[in-house]
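Data block below; observations after.
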Amino acid sequence: MPQRSMVTGRSQEPRERFAEELRGLRTERKLSLRELAKQVGWDSSLFSKMENGQTLGGPEVVQALDQFYGTPGLLVTLWELAVADPTQFKEPYRRYMLLEAEAVSLWQYSVSRPPGLLQTAGYAREALAAGGLRGEELDQQVEARTGRRKVLEGDDPPPFRILLAEAVLRNSLRDPRQWRGQLERLTEAAAQPNITLHVLPFGCGLHGLDSTDVMFLRLPDGRTVAYVENDVQGELVEELSKVERFHRTYDAVRDLALSPAESHKFILRMLEEVPCEPST
Numbered sequence: 004m005p006q007r008s009m010v011t012g013r014s015q016e017p018r019e020r021f022a023e024e025l026r027g028l029r030t031e032r033k034l035s036l037r038e039l040a041k042q043v044g045w046d047s048s049l050f051s052k053m054e055n056g057q058t059l060g061g062p063e064v065v066q067a068l069d070q071f072y073g074t075p076g077l078l079v080t081l082w083e084l085a086v087a088d089p090t091q092f093k094e095p096y097r098r099y100m101l102l103e104a105e106a107v108s109l110w111q112y113s114v115s116r117p118p119g120l121l122q123t124a125g126y127a128r129e130a131l132a133a134g135g136l137r138g139e140e141l142d143q144q145v146e147a148r149t150g151r152r153k154v155l156e157g158d159d160p161p162p163f164r165i166l167l168a169e170a171v172l173r174n175s176l177r178d179p180r181q182w183r184g185q186l187e188r189l190t191e192a193a194a195q196p197n198i199t200l201h202v203l204p205f206g207c208g209l210h211g212l213d214s215t216d217v218m219f220l221r222l223p224d225g226r227t228v229a230y231v232e233n234d235v236q237g238e239l240v241e242e243l244s245k246v247e248r249f250h251r252t253y254d255a256v257r258d259l260a261l262s263p264a265e266s267h268k269f270i271l272r273m274l275e276e277v278p279c280e281p282s283t
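Written as structure tokens, this is what we have:
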């Protein structure tokens with residue numbers, strides 16, 4: 004059977020498809036980037052980066068472009084597909100991201116950093132830069148990481164239980180303002196009805212997850228898989244006996260942690276310790 008040809012000739016890669024649509028709509032109206040910026044109200048450099056695939060922009064600017072171009076919902080839909088596209092993540096993580104997106108409940112233990120699902124853009128940028136990313140690749144990976152928060156949004160988001168080692172709350176960012184924003188994000192998340200947050204304070208003794216981050220995903224078919232990561236490598240664990248063993252260890256650690264109410268107070272105390280910006 005002959006290979007079916009593409010009907011539109013446009014890219015099937017979500018990120019590039021979104022950029023193509025932006026370029027095409029502006030070209031059809033014979034607008035320069037500067038003219039577009041003047042009419043829509045955002046900086047022309049942002050539109051340039053969006054049309055070149057360097058950034059996806061945020062939902063507010065995409066909604067404004069949808070309204071300006073008279074394409075209700077089209078650009079927002081393409082943007083959502085681009086944000087959710089697993090190919091934007093590095094190869095080892097792609098299968099995990101696909102499973103995360105369909106999970107019906109999640110549990111995580113974090114050793115030294117906030118869960119990726121709860122990281123602010125400022126935190127994600129410093130963490131990824133510390134790992135060696137720069138320039139356009141850094142921008143794309145920050146967007147990819149912060150875009151994961153959509154998993155916890157919507158009308159019926161999955162329940163998410165998080166255990167945070169106290170080190171997560173002590174290992175601050177260089178910029179106090181960004182660190183304050185990250186702590187505020189954690190307190191806001193803890194107030195969401197689908198999120199339960201525990202802090203594991205120093206002094207609880209050694210346990211089976213001392214140096215291991217682990218995320219459990221319960222899938223629609225009833226299976227639970229685990230993603231286990233340490234300083235050296237990460238591994239998606241699907242074998243039932245291994246997942247069960249990690250889950251028993253997780254439950255034992257949770258028994259050592261503070262209650263959600265105590266944990267919320269603990270994070271608020273950390274927030275109070277962050278230096279305030281000097282008044283002007």
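First residue of the sequence shown? That's 4 in the working numbering, and the numbers climb one at a time after it.
The C-beta atom is built at its ideal place from N, Cα and C for all residues, glycine as well.
Neighbourhood of Trp45 by C-beta distance below 6 Å, restricted to the same chain and skipping five residues each side: Val64
Which of helix, strand or coil does DSSP assign to Ser282? Its pLDDT being 47, under 50, Ser282 is placed unreliably in this model, and the value from its coordinates should be taken loosely. Three-state DSSP puts Ser282 in coil, outside helix and strand.
Assign Asp159 to buried or exposed, taking buried as 16 or more other Cβ atoms, counted over all protein chains shown, within 10 Å of its Cβ. exposed
Helix, strand or coil for Gln15 per DSSP? coil
His201 and Ala260: beta carbons closer than 8 Å? yes
Can you name the residues that DSSP bridges to Ala229? Answer is Phe219, Val240, bridged to Ala229.
Excluding five sequence neighbours on each side, which residues of the same chain lie with their C-beta closer than 6 Å to the C-beta of Tyr230? Hits under 6 Å: Tyr99, Met218, Leu239.
Leaving aside the five residues before and after Glu139 along the sequence, list all residues of the same chain whose C-beta is less than 8 Å from its C-beta, in chain order. Closer than 8 Å at Cβ, skipping near neighbours: Gln57.
Beta bridge counterpart(s) of Arg164 as assigned by DSSP: Trp110, Thr199
Determine the burial state of Ser8: buried for a count of at least 16 other Cβ atoms within 10 Å of its Cβ, exposed for fewer. Because the pLDDT of Ser8 is 40, which lies under 50, any placement of that residue in the model is unreliable, and the question is left without a value.
Once the 5 residues before and after Val114 are set aside, which same chain residues still bring their CB inside 8 Å of it? Ala168, Ala170, Val171, Leu212, Asp213, Ser214, Thr215, Asp216
Could you name the residues of the same chain whose beta carbon sits closer than 7 Å to that of Glu142, not counting the 5 residues immediately before and after it, in chain order? It should be pointed out that residue 142 corresponds to Asp in this sequence rather than to Glu. Excluding residues within five positions, the ones whose Cβ falls inside 7 Å are Gln57, Thr58.
Beta-carbon within less than 6 Å of Asn233's beta-carbon, same chain only, minus the 5 sequence neighbours each way: which residues are those? For Asn233, where only same-chain residues beyond five positions count, the Cβ hits under 6 Å are Ser214, Thr215.
If you check the beta carbons only, do Arg177 and Ala85 fall under 8 Å apart? Going by C-beta atoms, Arg177 is not nearer than 8 Å to Ala85.
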